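Chemist: If you use the numbering used here, the sequence shown corresponds to residues 5 to 136, in order.
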Amino acid sequence: MLEPEIGQHVPAARMGFQVHFHELPADRMAVGGQLLSDQDTPRDIITVRIAVMNAAWPAEVRAEVIRNVLARLAEACGMQKPAPTWWVNFEIIEEGSWGSRGGVLSILQLLESGVFTPERIKAIRAAVQLPA
């Protein structure tokens with residue numbers, strides 16, 4: 005996910021990304037209107053929610069991130085391809101709607117961090133309508 009986000013592989017950027025795992029028991033999830041606990045066939049269900057700060061996220065970049073996440077999950081599970089019951093949701097959080105450490109964060113605060121390529125900075129500035 006980091007490469008499409010910042011335009012390059014930078015290990016220091018990893019500190020800004022989190023992965024949260026939330027497991028639900030079979031009686032707390034339904035598919036097709038029926039609880040998994042009531043279904044005869046067990047299913048391997050994974051839902052990944054990717055939440056990112058507003059920046060330059062055209063459809064082809066979001067698609068690349070989603071494909072990469074599904075491919076890496078399949079690799080981690082020793083599978084050749086992702087299961088059809090795995091879903092990835094890509095959500096863009098509007099500027100001013102992301103908070104941490106007692107305050108509101110902005111993608112603009114990160115532009116001078118050194119992790120973004122010049123091309124990526126220009127694209128982000130254009131997407132959030134700031135002068136280059």
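All C-beta atoms, glycine included, are put in the ideal place defined by N, C-alpha and C. Please read these numbers as outputs of a predicted model, since none were measured by experiment.
Any chance you could list the beta strand (DSSP E) runs of at least 3 consecutive residues sitting entirely within the stretch 10-90, in chain order?
Modeler: 50-57
Chemist: My output table needs one value for E95: the three-state DSSP class, helix, strand or coil.
Modeler: Start at 1 with the first residue of the sequence shown, and residue 95 comes out as number 91. Strand.
Chemist: Apply the 10 Å Cβ neighbour rule to V69 and answer buried if 16 or more other Cβ atoms are within range, or exposed otherwise.
Modeler: Here residue 69 refers to the residue found at position 65 when the sequence shown is read from its first residue. So V69 counts as buried.
Chemist: Should the stretch 84-100 be regarded as contacting the stretch 40-60, the criterion being three or more beta carbon pairs within less than 8 angstroms?
Modeler: yes
Chemist: In the DSSP output, what is L114 paired with across the bridge?
Modeler: Looking up residue 114 in the sequence shown gives position 110. Paired residue(s): none; L114 is not in a bridge.
Chemist: Ends of the beta strand (DSSP E) at V108?
Modeler: The count along the sequence shown starts at 1 and reaches residue 108 at position 104. Its beta strand (DSSP E) spans residues G107 to L109.
Chemist: Please report how far the alpha carbon of G107 lies from the alpha carbon of A87, in whole angstroms.
Modeler: In the sequence shown, the residue the question calls residue 107 occupies position 103. In the sequence shown, the residue the question calls residue 87 occupies position 83. Those two C-alpha atoms are separated by around 39 angstroms.
Chemist: Only counting the same chain, and skipping five residues up and downstream in sequence, which positions put a Cβ closer than 7 angstroms to that of D31?
Modeler: Mapped onto the sequence shown, residue 31 falls at position 27. Cβ within range, chain order: L39 and S41.
Chemist: Find out if the Cβ-Cβ distance for the pair A127, A60 is shorter than 8 angstroms.
Modeler: Translated into the one-based positions of the sequence shown, residue 127 becomes position 123. Translated into the one-based positions of the sequence shown, residue 60 becomes position 56. Going by C-beta atoms, A127 is nearer than 8 angstroms to A60.
Chemist: Are the CB atoms of N58 and V132 nearer to each other than 8 angstroms?
Modeler: One-based indexing of the sequence shown puts residue 58 at position 54. One-based indexing of the sequence shown puts residue 132 at position 128. In this structure, V132 lies closer than 8 angstroms to N58 by Cβ.
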